[in-house]
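All residue numbers for the sequence shown refer to the numbering used here, where the first residue is 250 and numbers rise by one. Beneath this line is the structure, given in structure tokens, with notes to follow.
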Amino acid sequence: MSSLRRLSPPLHLLRAFSTVTRFGGISRAAEALHLTQSAVSKQIKELETWVGVPLFERSRKRLALTPAGERYEKAVRGVLAQLEAATLELITSDDGGGALHLSSLPTFAAKWLIPRLPQFQQLHPQITLHFVPYVHSYDFTRPELDCAILFGDGHWPGAHAHYITGNDVALIAPRTKVADWPLHTPRDVARQTLLRHVTVPEAWLRWSETHNVVGLIDPLGGPQFDQFQTMIRAVMAGMGLALVPRCLVQDEITAGLVREPLADAPLRGGYQSDVGYWFCYPEGRTQLHALQCFRQWLLQGAGQAALPADGSGAADPAAVVAPGNS
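This is the structure we're talking about:
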């Protein structure tokens with residue numbers, strides 16, 4: 250066996266290895282692969298012979314990966330995922346279409362993005378969107394992730410970033426028991442419980458500076474949340490006041506589920522000027538036709554200037570911003 254050939258094990262052996270690892274045994278892997286147990290077992294042994302390294306520790310009751318097997322499985326899993334993504338892209342790429350693997354913050358996806366997606370589907374029926382779990386949103390080295398919608402100041406390492414929305418912040422209060430929530434001036438906020446979001450812990454401090462009430466309120470007190478949707482529900486339940494991107498809470502304000510006191514107060518901010526929701530993707534994905542179409546539609550729909558199809562005008566990569574779930 251030549252050295253070059255030895256470095257490229259047959260795909261069916263890698264598939265068997267990955268499937269056995271994922272299902273934790275030969276029997277369930279054989280069912281998933283529609284093979285006999287003996288055939289799967291033979292393929293695992295053949296792979297170990299091919300690479301010359303034990304991949305499993307065998308006992309009567311179970312198989313366990315060796316340390317070398319654990320490292321190899323992670324690499325094989327990524328290769329198989331990349332191959333599947335490339336094949337799907339090829340299959341769905343007729344007539345200028347393709348597949349786009351997108352990750353988005355849960356609240357933003359539910360409140361802002363999903364209601365708008367039917368329009369995108371109507372404009373680009375040949376493009377298929379696949380949502381990747383948000384836990385992987387910051388790892389642009391993953392082969393199954395093309396782009397993500399993140400919350401922060403627009404600076405992520407190795408990624409282009411385009412602002413979408415989210416910097417317009419609304420102060421919301423419970424709708425029920427209005428008499429118990431007298432909020433006529435910024436100073437009245439000092440008597441209420443202030444809810445905070447982990448991604449923007451300085452929001453109430455900035456709000457107090459804007460409204461000249463520094464020292465009158467405790468900007469770091471009160472319950473802390475990791476999702477804006479949870480904060481909105483907490484306000485509806487009467488737990489306190491919150492500063493929330495207007496794009497996420499306008500429906501509740503309009504429906505009267507929460508109220509917006511001090512709506513006419515000047516300079517209603519709460520976040521620094523560049524914090525909001527950003528559409529991000531790595532340099533290596535810039536030329537994807539599906540990504541170009543989605544970016545163009547997304548930024549036009551958010552009221553931003555459309556970008557040329559070659560991707561010029563993207564923000565330069567910069568320092569990382571602390572992640573959060575928004």
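Note that the Cβ used here is the ideal one computed from N, Cα and C, for glycine as well.
Query	Result
Would you mind reading off the limits of the beta strand (DSSP E) that contains Thr377?	Ile376 to Phe380
On the three-state DSSP scale, how would you describe Arg517?	For Arg517, the predicted structure reports a pLDDT of 49, less than 50, and the residue's modelled location is therefore unreliable. The matter cannot be settled from this model.
Give me the Cα-Cα distance between His379 and Gly327, rounded to the nearest whole angstrom.	17 Å
Report the residue from Leu262, Gly274 and Glu280 whose alpha carbon sits nearest the alpha carbon of Lys291.	Leu262
What does the Cβ neighbour count give for Pro435, buried or exposed, with the cut at 16 atoms within 10 Å?	buried
Quick check on this structure: which residue in Tyr530, Leu354, Leu465 and Leu394 has the alpha carbon closest to the alpha carbon of Pro406?	Tyr530
Determine the DSSP secondary structure at Pro355, reduced to helix, strand or coil.	helix
CA-CA distance, Ala330 and Glu393?	6 Å
With three or more C-beta pairs closer than 8 Å as the rule, is the stretch 352–360 touching the stretch 312–325?	no
Exposed or buried, what is Ser468 when buried is set at 16 or more other beta-carbons lying within 10 Å of its beta-carbon?	The question names Ser, yet the displayed sequence has Pro at residue 468. Per the 10 Å Cβ criterion, buried.
In the DSSP assignment, the alpha helix (DSSP H) including Arg495 goes from what residue to what residue?	Arg495 to Thr503
Near Leu362, which residues of its chain fall below 8 Å by C-beta distance, leaving aside the five closest residues on each side in sequence?	Ser353 and Ile398
If I follow the unbroken beta strand (DSSP E) through Glu306, where does it start and stop?	Phe305 to Arg307
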